[in-house]
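*Asks:*
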Amino acid sequence: MALSNQHFAGRAPALSQHNVTVSKHGQYHSQVLVNGDTKRVLCCGLACSEIFSGPLLGRCLMSGHEYEQQAIENLLEGENAQTLSVHTSAGVPAAMSTFLEALSKHLPWSYSDWFCSLQSEGASAVLAAVDLSFQLRTEKEAKRWKVGVASTSYHGPPSTALGSKTTLFSKSEVQMMYPCPSPFDSPEEMELKFSEYVKWLDNHCSDLASILIEPQWGSSQCAFVFPPALLEKYMVEAKKRNLIVICDEIMCGMGRHGAAKTLFLTKALHLQRHVDIITFGKSIATGAFPLSGCVVKNGGGDFNARGKTVMQSHTYSGSCVRSLMAAVEVLNILDAYFRNDDAVPNFDINSKGKLMHQLLEGIAEKSNGLFVVNGQGLMWGMMLNKDTCAKGNLDVSEVMESLKEECNKQDVLPYFVPVGGIMVTPLFDVDKGVLKDIGTKLALAIESVVKKSL
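With the first letter of the sequence shown counted as 1, position 99 gets the number 316 in the working numbering; the numbers rise by one all the way through.
#1: For ILE494, list the residues DSSP reports as bridge partners.
#2: By Cβ distance, which residues of its chain are closer than 7 angstroms to LEU274, with the 5 residues on each side in sequence left out?
#3: At 4 residues or longer, and completely inside the stretch 387-458: list those alpha helix (DSSP H) runs for me, N to C.
#4: Which of the three DSSP states, helix, strand or coil, is assigned to GLY609?
#5: How is the alpha helix (DSSP H) around ILE639 delimited, first residue to last?
#6: Based on DSSP bridge pairs, tell me the residues matched to HIS246.
#7: From PRO374 to LYS571, what distance separates their C-alpha atoms?
#8: Could you check the C-alpha separation between LYS583 and GLN575 for me, to the nearest Å?
#9: Could you tell me how far apart the beta carbons of VAL258 and HIS246 are, in whole angstroms, since I believe they sit closer than 8 angstroms?
#10: With a 10 Å radius around its C-beta and 16 neighbouring C-beta atoms as the bar for buried, classify MET279 as buried or exposed.
#11: Going by DSSP in three states, MET599 sits in which element: helix, strand or coil?
#12: Measuring CB to CB, does CYS439 end up less than 8 angstroms from GLY598?
#13: Residue range of the alpha helix (DSSP H) that CYS469 falls in?
#14: Look up THR300 in the DSSP assignment and say whether it is helix, strand or coil.
#15: Buried or exposed: which applies to ASN291, given that a residue is buried once 16 or more other Cβ atoms fall within 10 Å of its Cβ?
#16: Pull up the distance between the alpha-carbon of MET313 and that of MET542, whole angstroms please.
#17: Taking its Cβ as the centre, do 16 or more other Cβ atoms sit within 10 Å of ALA307, making it buried, or is it exposed?
#18: I need the DSSP call for VAL527, collapsed to helix, strand or coil.
#19: Quick check on DSSP: helix, strand or coil for VAL634?
#20: Should the stretch 616-623 be regarded as contacting the stretch 660-668, the criterion being three or more beta carbon pairs within less than 8 angstroms?
#21: Starting from the C-beta of PRO562, find all residues in its chain whose C-beta is less than 8 angstroms away, skip the five residues before and the five after it, and write them out in chain order.
#22: With distances taken between CB atoms, is the gap from GLN244 to LEU551 smaller than 8 angstroms?
#23: For GLN593, name the three-state secondary structure that DSSP assigns.
#24: Assign GLN392 to buried or exposed, taking buried as 16 or more other Cβ atoms, counted over all protein chains shown, within 10 Å of its Cβ.
#25: In this structure, does DSSP put HIS223 in helix, strand or coil?
#26: Is it right to say LYS653 is buried, meaning 16 or more other beta carbons lie within 10 angstroms of its own, or is it exposed?
#27: Which residues in the same chain as LEU577 place their Cβ atom closer than 8 angstroms to its Cβ, once the five residues preceding and following it in sequence are excluded?
#28: Given a cut-off of 8 angstroms, decide if ASP402 and ASN515 are closer than it, judged by their beta-carbon atoms.
#29: Return the residue from the list VAL634, VAL613, LEU335 that minimises the CA-CA distance to LEU671.
#30: Taking the alpha-carbon positions, what's the SER536 to GLU405 distance?
#31: Return the CA-CA distance between PHE506 and ALA229, expressed in angstroms with no decimal places.
#32: Considering only C-alpha positions, which residue in the set PRO445, LEU508, LYS456, GLY518 is nearest to HIS487?
#33: Go ahead and label ASN674 buried or exposed: buried means 16 or more other beta carbons lie within 10 angstroms of its beta carbon, across all protein chains shown.
#34: By a C-beta neighbour count over all protein chains shown, 10 Å radius and 16 as the cutoff for buried, is MET528 buried or exposed?
#35: Buried or exposed: THR483, going by 16 or more other Cβ atoms within 10 Å of its Cβ?
#36: Going by DSSP, what residue range makes up the alpha helix (DSSP H) through SER314?
Printed below as a string of structure tokens:
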């Protein structure tokens, strides 16, 4: 019998019963379904929220587990216990120093007055970055109180996050939309949009403090990679107008890109000289604990002198010791991987990315133009071609419902995105055999959708 959870309001309509994940083994989740049946699902698209599995995940959690176990024993004995969390108004836990040291190894800049803000999830990290970009303005730029956001973008829940069009309140007071490329644009169309972007900057730069850019899109464009040369042109034009450039790497960072052995995609693309703030998360604390944030290139000394603080701060901004300890392990493991240290596995993200590309392109080729493939490394997407849908009089929402049904039949769960498509974001230590299983299951699901739709 399924466990009752209908009073939880989540991603299903209110009072809906949800499937329950009772255990995991790598990419496979053992679930109790709404009807009480059990099922083993190949979960391959959990929005970059997890990074490792098995022994490696256990290794990341062990030091924090032992620390917490000792704290519990001390609590039960009525003795002083190790800090597990502290309200940020009282201070920070000792683990903060270790975390900052581990993070510093990965920074794409060498400034001594860098600083970071820590948050609990992606949308808050982006808001913190924008907050800091506003505060980095000079007195002469005090009237600049808006951020430029790509016309097709997603930076968190649509109710409040930047970029989203659904809203609890008007976002026009703080954000302005700029023209950006799409995976369906020709090179000529991309250049035309760049020209429109330059004009847009000229018209609005007096109101803007910063520009928010995704070097690789997430949900809004199904892992589409911003063409690097074009991306640099966008950044250069923003810097010419004294705008602060923010790169949102909540999904595409953490080395997932595979473009080079670096934590940040910005550095892998050799664009760090144009960038002032980078966001990070979701998997930095393994996904078992919530942690995200943004790192600012420099300006900490000026902030200190002016008595400036982060406005986007709250009770749990860097307060949880288990999150910080898990993040230290993740950062140190990735540092060793980037240095080709034999003490950690060779994740071979680039090779796995090539296999994913091959598998998904094979599926797309058989979809009669219904899907196009975007991505790199271990962040991939298959996006519905709306031109094909229009020619076939297909309703995108109906196609997506059909795709969900067929994936459910194949016991595979990619990340279904509102724009129309899926994302596939495997764990770093995934076996290539599992990647092939993902490809096989998705191929069968999409083949059935194509047969029903075209």
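Virtual Cβ for every residue (Gly too), placed ideally from N, Cα, C.
*Replies:* For this structure:
#1: Working through the sequence shown from its first residue, we reach residue 494 at position 277. As a beta-bridge residue in DSSP terms, ILE494 pairs with ILE463, VAL513.
#2: One-based indexing of the sequence shown puts residue 274 at position 57. Counting only Cβ-Cβ distances below 7 angstroms, and skipping sequence neighbours, we find THR503.
#3: Listed in chain order, the alpha helix (DSSP H) runs fully inside the stretch 387-458 are 404-421, 445-457, counting runs of at least 4 residues.
#4: Walking along the sequence shown from the start, residue 609 turns up at place 392. DSSP places GLY609 in coil when its eight states are reduced to three.
#5: Position 422 of the sequence shown holds residue 639. Element bounds for ILE639: not the alpha helix (DSSP H) but the beta strand (DSSP E), 638-641.
#6: Sequence index remark: in the sequence shown, residue 246 carries index 29 (1-based). Bridge partners of HIS246: LYS241, VAL258.
#7: In the sequence shown, counting from the first residue as 1, residue 374 sits at position 157. In the sequence shown, counting from the first residue as 1, residue 571 sits at position 354. Taking the straight line from one Cα to the other gives about 31 angstroms.
#8: The sequence position of residue 583 within the sequence shown is 366, counting from 1. The sequence position of residue 575 within the sequence shown is 358, counting from 1. Answer to the nearest angstrom: the Cα atoms are 13 angstroms apart.
#9: The residue you call residue 258 lines up with position 41 of the sequence shown. The residue you call residue 246 lines up with position 29 of the sequence shown. Right, the Cβ-Cβ distance comes to about 5 angstroms (below 8 angstroms), so this counts as a contact.
#10: Along the sequence shown, one-based indexing puts residue 279 at 62. Here MET279 is exposed: its Cβ has fewer than 16 other Cβ atoms, across all protein chains shown, within 10 Å.
#11: Here residue 599 refers to the residue found at position 382 when the sequence shown is read from its first residue. Collapsing the DSSP output to three states places MET599 in a strand.
#12: Translated into the one-based positions of the sequence shown, residue 439 becomes position 222. Translated into the one-based positions of the sequence shown, residue 598 becomes position 381. Between CYS439 and GLY598, the gap from beta carbon to beta carbon is short of 8 angstroms.
#13: Start at 1 with the first residue of the sequence shown, and residue 469 comes out as number 252. Following the DSSP letters along the chain, one finds CYS469 in no alpha helix (DSSP H), marked with neither H nor E.
#14: One-based indexing of the sequence shown puts residue 300 at position 83. THR300 falls in the coil class under three-state DSSP.
#15: Position 74 of the sequence shown, counted from the start, is the residue given in the question as residue 291. Burial call: exposed.
#16: In the sequence shown, counting from the first residue as 1, residue 313 sits at position 96. In the sequence shown, counting from the first residue as 1, residue 542 sits at position 325. Their Cα atoms are separated by approximately 9 angstroms.
#17: In the sequence shown, the residue the question calls residue 307 occupies position 90. Flag for ALA307 reads exposed.
#18: Residue 527 sits at position 310 when you count from the first residue of the sequence shown. In the structure shown, VAL527 adopts coil according to DSSP, grouped into three states.
#19: The sequence position of residue 634 within the sequence shown is 417, counting from 1. Reduced to three states, the DSSP call for VAL634 is strand.
#20: Flag = yes, the stretch 616-623 and the stretch 660-668 touch.
#21: On the sequence shown, position 345 is the one that residue 562 refers to. Short of 8 angstroms from the beta carbon of PRO562, and not among the five residues preceding or following it, lie these beta carbons of its own chain, in chain order: LEU273, TYR554, ASP646.
#22: The count along the sequence shown starts at 1 and reaches residue 244 at position 27. The count along the sequence shown starts at 1 and reaches residue 551 at position 334. Inclusion of GLN244 and LEU551 in the CB contact set at 8 angstroms is not warranted, their separation being larger than that value.
#23: The residue you call residue 593 lines up with position 376 of the sequence shown. Residue state, collapsed to three classes: strand.
#24: The residue given as residue 392 occupies position 175 in the sequence shown. The C-beta of GLN392 has 16 or more other C-beta atoms within 10 Å across all chains shown, which makes the residue buried.
#25: In the sequence shown, residue 223 corresponds to position 6, counting from 1. The sequence given here places Gln at residue 223; His does not occur at that position. In the displayed model, GLN223 falls within coil according to three-state DSSP, outside both helix and strand.
#26: Your numbering for residue 653 matches position 436 in the sequence shown. By the 10 Å Cβ count, LYS653 comes out exposed.
#27: Within the sequence shown, numbered from 1, the residue matching residue 577 stands at position 360. Cβ within range, chain order: VAL590, GLY592, TRP597, MET599, VAL641, GLY656, LEU659.
#28: Residue 515 sits at position 298 when you count from the first residue of the sequence shown. Residue 402 sits at position 185 when you count from the first residue of the sequence shown. Between ASN515 and ASP402, the C-beta gap is not smaller than 8 angstroms, which leaves the two residues out of contact.
#29: Position 454 of the sequence shown, counted from the start, is the residue given in the question as residue 671. The residue from VAL634, VAL613, LEU335 with its alpha-carbon nearest to that of LEU671 is VAL613.
#30: Locating residue 536 in the sequence shown gives position 319, where the first residue counts as 1. Locating residue 405 in the sequence shown gives position 188, where the first residue counts as 1. Near 49 angstroms, if we compare the C-alpha coordinates of GLU405 and SER536.
#31: Locating residue 506 in the sequence shown gives position 289, counting from the first residue. Locating residue 229 in the sequence shown gives position 12, counting from the first residue. One C-alpha to the other measures close to 23 angstroms.
#32: Taking the sequence shown and counting its residues from 1, the one referred to as residue 487 is at position 270. That would be PRO445, whose Cα lies nearest to the Cα of HIS487.
#33: With the chain represented from 218 up to 671, any question about residue 674 goes unanswered, as that position is not in the structure.
#34: Looking up residue 528 in the sequence shown gives position 311. In the assembly as shown, MET528 is an exposed residue. Its beta-carbon has fewer than 16 other beta-carbons within 10 Å.
#35: Mapped onto the sequence shown, residue 483 falls at position 266. With 16 or more other Cβ atoms inside 10 Å of its own Cβ, THR483 counts as buried.
#36: Along the sequence shown, one-based indexing puts residue 314 at 97. That run of the alpha helix (DSSP H) goes 312-321.
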